[in-house]
Amino acid sequence: MANRLRELILFRHAKSEWKQTEGSDLDRPLSDKGKKQALKMGKWIKSQDYMPDLILVSPANRAQQTLRRICSECPTNAITVPGLYRANVETLKQILASAPNAERIMVIGHNPGFERLYRFLIEAPQDTPNEPFDSTVVKLFPTSALAHIILPQDWSNLEQGDGKLLQFMRPKDLPQTRLTSPVPPPKHP
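Structural data, given as structure tokens:
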């Protein structure tokens, strides 16, 4: 098989509620702000024609809710992958390698794994990609952030420094528009 360019879209879940008193971290829902962020980013993804061949999504409730809001704009094929929750770089690479026929994959998941994968793919070989899970890592990816990365290899051959960042987008970077457009008032002569 000839090598084709691959596109990876890393999408961190939208903002979630922290006030939850019952359930586990996996159960946390999106906040009202997160729901709006996800819808806004979904509209933007559709407007950029960035819809993927395949979406791989974490089983966490906030990631699943993010997926539903993104896909309310652009339906696509999605698979829940339990290993995405708290995944390190090596786990993320293995998950991507399991989908070799897709040319554009979106992964909806979490930090710190996303920041580490981004650094692994974009930066020169100096990072340690498989550090243990550490919730104190600096957050390159705020909630609802998207990184669109071009890769020259099949998913099974990802190497450090191979990626080229096409675009990094956050909800606050998008034009301020209403999610639904009101009917304009009639014009009077």
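Start counting the sequence shown at 33; every next residue gets the next number (the numbering used here).
Virtual Cβ for every residue (Gly too), placed ideally from N, Cα, C.
{"Asked": "For Glu39, does the three-state DSSP call read helix, strand or coil?", "Found": "strand"}
{"Asked": "Look up Ser48 in the DSSP assignment and say whether it is helix, strand or coil.", "Found": "strand"}
{"Asked": "Of all the options Pro207, Leu206, Thr123, which has the alpha carbon lying nearest to the alpha carbon of Arg148?", "Found": "Thr123"}
{"Asked": "With DSSP collapsed to three states, give me the class of Gly145.", "Found": "helix"}
{"Asked": "Let me confirm a value: Asn133 is counted as buried when at least 16 other C-beta atoms fall within 10 Å, else exposed. Which label applies?", "Found": "exposed"}
{"Asked": "Rounding to the nearest angstrom, what Cα-Cα distance links Arg118 and Phe146 in this structure?", "Found": "10 Å"}
{"Asked": "According to the Cβ coordinates, are Leu88 and Ala131 closer than 9 Å?", "Found": "yes"}
{"Asked": "Exposed or buried, what is Trp187 when buried is set at 16 or more other beta-carbons lying within 10 Å of its beta-carbon?", "Found": "buried"}
{"Asked": "So, at 6 Å on beta carbons, what are the nonlocal neighbours of Phe200 in its own chain, with the 5 sequence-adjacent residues on each side left out?", "Found": "Ala179"}
{"Asked": "Which of helix, strand or coil does DSSP assign to Met138?", "Found": "strand"}
{"Asked": "Would you mind sorting Asn109 into buried or exposed? The rule is 16 or more other CB atoms within 10 Å of its CB.", "Found": "exposed"}
{"Asked": "What residue range is occupied by the uninterrupted beta strand (DSSP E) comprising Thr112?", "Found": "110-112"}
{"Asked": "Less than 9 Å separating the beta-carbons of Ile137 and Arg44?", "Found": "no"}
{"Asked": "Note down, in chain order, each residue of its chain lying with its Cβ closer than 7 Å to the Cβ of Leu172, except the 5 sequence neighbours on either side.", "Found": "Glu147, Tyr150"}
{"Asked": "Over what stretch of residues does the alpha helix (DSSP H) that includes Lys204 continue unbroken?", "Found": "Here Lys204 belongs to no alpha helix (DSSP H), and DSSP marks it neither H nor E."}
{"Asked": "Are Arg94 and Pro61 close, meaning C-beta to C-beta below 9 Å?", "Found": "yes"}
{"Asked": "Indicate the three-state DSSP secondary structure (helix, strand or coil) for Leu198 in the structure shown.", "Found": "strand"}
{"Asked": "Comparing alpha-carbon positions, which option in Ile154, Asp81, Gln96 lies nearest Val139?", "Found": "Gln96"}
{"Asked": "Expressed to the nearest angstrom, what Euclidean distance is found between the alpha-carbon atoms of Asn120 and Cys103?", "Found": "26 Å"}
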